[in-house]
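Data first, discussion second: the structure below is written as structure tokens.
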Amino acid sequence: MNKFAFISPNGRVNIIRIFVLIALGCFPLLQDAYLLSQLTVFLVYGLFAMSLSLIWGYGGILCFGHAVFFGIGAYIMALTTKGMIPGMTGIFTSTLFALLLSIAGTALFASILGYFLFSGRLSGPYFGIVTLAVAVVAERIATKWDYIGGFNGLTNIPAFSIGGYEVLDPLVLFYVILGICLILYLISDRIVNAPFGTILSAVRDNEDRVEFFGYNIANLKILIFSISAGIAGLAGALFAVAAEFVSPTILGFSLSTEVLIWVALGGREILLAAFLGAISVRTIEALLSDILGYYWILGLGVLFILCVMFFPRGLFGQLLSNKPRN
Amino acid sequence: MAFILETKDLTKQFGGLTAVDKTSLKLKEGGLRCILGPNGCGKTTLFNLISGCYKPTSGKIIFAGQDISGQPVHLINRAGIGRKFQIPSVFNSMTVEENLRVPSSSNWKPSLLRSKNSVPGNRQEILTLLNLLKLTEKTNELAGNLSHGEKQWLEIGMVMASKPRLMLLDEPTAGMTAAETNKTAQLIHQISIETGISVVVIEHDLNFVKKLASRVTVMYKGSIFREGNYEEIQEDKDVQSIYLGRKR
Ligand SMILES: Nc1ncnc2c1ncn2[C@@H]1O[C@H](COP(=O)(O)OP(=O)(O)O)[C@@H](O)[C@H]1O
Ligand SMILES: [Mg+2]
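Protein chains in written order, with the working numbering: chain D, 980 to 1305; chain P, 10 to 257.
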């Protein structure tokens, strides 16, 4: 039944984790500058996908507008490091401060949004639709707001700098972002394996049952929503640095749906599967979209349907799961 | 004698329908009580009121000396009222052990970063519970793969793990075979005697009620119709006509 039966599921998952880390870490050996800069951005998308997996796969909360957090994080990063936020100069325009502000800003925004949505007991598709509406509205605002670049967005975003040292070498930037992804993965993995994670899975399975055990469901959801948004905001901030631009498209509808597809394809119930889903889809897209042109979207659609039919837990979900089968 | 639970003229209306009508129920601490009555007579609604799922239209619910009427569900549970649903409600994608951890890690502010293996104390309690429920062999099985009866027992175990002072069990034997029903009766009897938890059971099956040898409250059209022990209820002509007569 299980072709990996000779090692424990935990052992198998650990081997794959290490393999993925080594594969990503060795990628620069290919010595292809273009591919490297692409993969740097894909890592950021992977981190973004992981944040969605946290709330959707583990918390059972389907967020249709997740790009709004990614976009807000990206804009905060761009505006802060470019010194465009009035009153913030000097150290307050540093990369590190901007990263922290991106995380805190998006998490705060999500906790306020979450407070109204979850305390109002909004759930299921209604919650998804409201978050989608928020993303669409945010995209409209960013398009119309000239100070933050309007339709064209912002370019010339200062390079990533750590204590005065500017990371200009794409190779170093790649490893910095890989390192940040690794840290966030380890933290998220701790969270889903902590008692909080157990309660979260329980909420996903049967919210009422959890509430009748004395838990305040709204508070639990606001917390995971804010954590997820904070990570998405960090991913957005890293995107601004890696891609060197921000624009309204990263706030809205299309990225929100794309990330849902990456996560569903990879496997929403496993952080690493969601991460790999984003990286693989983007990589395949980079390789094939030139050849296939518009048919790429069709191909992705077909892949998505096949995956839902034959791998409901995602392409990597079953492989990376250490739980017994349903 | 202190009452653990007392409802005073408790009433719930849905539009024009009065599902629970001026019900006054008293339950002694540590007691075991069966609630019997035809379908749709308001038994589940009574539980929904006590556990905070619905707010009463009028009347009061006093639990351990405190008025809890209309409080939110999670606070009523924290006060000490545990509830098992009529439809077995377990966490299907989690293992049996994890299912028992959800209520027993109950400080209600679950730690964000600590590894779950570092939760002390619970392990022994969970093993004891698994043993009581006779589910030891299924510890690492997904709850979704359990049989219907096993899910019912697991949910009873989960309610126990939340350490309530009062357990509300809504038709715990629904859909069970005769053998499973027997086992459930034994389990509830054992819980009642060994733990001192007060228990209220909604039940259909008269044999089950007989095995429990508890006091019985018969509900009819939202109100309390009779109260007594099994023999009294069984011999009551009026009860026979509204309930027993209709049943078989
Ligand atoms: N949420 C609700 N809205 C409207 N009517 C309800 C609701 N819940 C229960 N009822 C009605 O109240 C009556 C009692 O139902 P219930 O308490 O479930 O009965 P029992 O558990 O004794 O079979 C029924 O007529 C039922 O249709
Ligand atoms: Mg009922």
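Glycine included, every Cβ here is placed at the ideal spot set by N, Cα and C.
Keep in mind the model is a prediction, meaning the values are calculated, not measured.
DSSP places cysteine 1286 of chain D inside the alpha helix (DSSP H), whose first and last residues are 1274-1289. Taken in chain order, the members of the region 107-120 of chain P whose beta-carbon sits within less than 7 Å of a beta-carbon on chain D are Glu107, Arg110, Val111, Pro112, Ser114, Ser115, Trp117, Pro119, Ser120.
At a cut-off of 7 Å, the beta-carbon of aspartate 214 of chain P does not count as near ligand 2: no heavy atom of the ligand is closer than that.
Distance from arginine 224 of chain P to isoleucine 13 of chain P at the Cβ level is roughly 14 Å; contact not present, criterion being Cβ atoms closer than 8 Å. At a cut-off of 8 Å between beta-carbon atoms, proline 988 of chain D makes no contact with chain P. Taken in chain order, the unbroken stretches of alpha helix (DSSP H) that lie wholly in the region 1186-1238 of chain D and span 4 residues or more are 1186-1190, 1196-1222. Judged by their CB atoms, valine 29 of chain P and lysine 21 of chain P are nearer to each other than the 8 Å cut-off. Going by DSSP, alanine 1117 of chain D is part of the alpha helix (DSSP H) stretching over 1103-1123.
Threonine 1068 of chain D counts as exposed, since fewer than 16 other beta carbons sit within 10 angstroms of its beta carbon. Remark: the C-beta of threonine 182 of chain P is outside contact range of ligand 2, defined as less than 7 Å to any heavy atom. For the 8 Å CB-CB criterion, proline 1137 of chain D and serine 1016 of chain D do not form a contact. Alanine 1112 of chain D and phenylalanine 234 of chain P have their C-alpha atoms spaced approximately 53 Å apart. Residue contact check for proline 1174 of chain D against chain P: a CB pair falls below 8 Å. Ranking P:Glu106, P:Ala88, P:Gly39 by CA distance to the CA of proline 1174 of chain D puts P:Glu106 first.
By the criterion of a C-beta distance shorter than 6 Å, glycine 39 of chain P is surrounded in its chain by Gly205, Ser207, once the five residues flanking it on both sides are discounted.
Taken in chain order, the complete alpha helix (DSSP H) segments of 4 or more residues contained in the region 212-250 of chain P are 215-221, 239-244. Apart from the 5 residues on each side of it in sequence, isoleucine 1040 of chain D sits with its Cβ closer than 6 Å to the Cβ of Ile1034 in its chain, given in chain order. The beta-carbon of leucine 122 of chain P is placed less than 8 Å from the nearest beta-carbon of chain D. Under the 8 Å criterion on CB atoms, aspartate 1187 of chain D is classed as interfacial with respect to chain P. CA-CA distance, valine 1109 of chain D to isoleucine 1091 of chain D, rounds to 14 Å. Relative to ligand 1, phenylalanine 94 of chain P has its C-beta separated by 7 Å or more from all heavy atoms. Residue state for serine 33 of chain P is assigned as strand, using DSSP reduced to three classes. A distance criterion of 7 Å places the beta-carbon of phenylalanine 23 of chain P in contact range of ligand 1, judged by its closest non-hydrogen atom. Within chain P, no residue has its CB atom less than 9 Å from the CB of glycine 1093 of chain D, the nearest being about 16 Å off. CA-to-CA, the gap between leucine 177 of chain P and asparagine 154 of chain P works out to about 25 Å. CA-to-CA, the gap between lysine 35 of chain P and glutamate 15 of chain P works out to about 5 Å. With a 10 Å radius around the Cβ and a threshold of 16 neighbouring Cβ atoms, proline 1291 of chain D comes out exposed. The residue from P:Tyr229, P:Met185, P:Asp76 with its alpha-carbon nearest to that of phenylalanine 217 of chain P is P:Met185.
If only uninterrupted beta strand (DSSP E) runs of at least 3 residues are considered, those enclosed by the region 48-98 of chain P are 67-72, 90-93. Apart from the 5 residues on each side of it in sequence, threonine 66 of chain P sits with its Cβ closer than 6 Å to the Cβ of Thr20, Lys21, Gln22 in its chain, given in chain order. By the criterion of at least three beta-carbon pairs nearer than 8 Å, the region 1247-1264 of chain D is not in contact with the region 1045-1053 of chain D.
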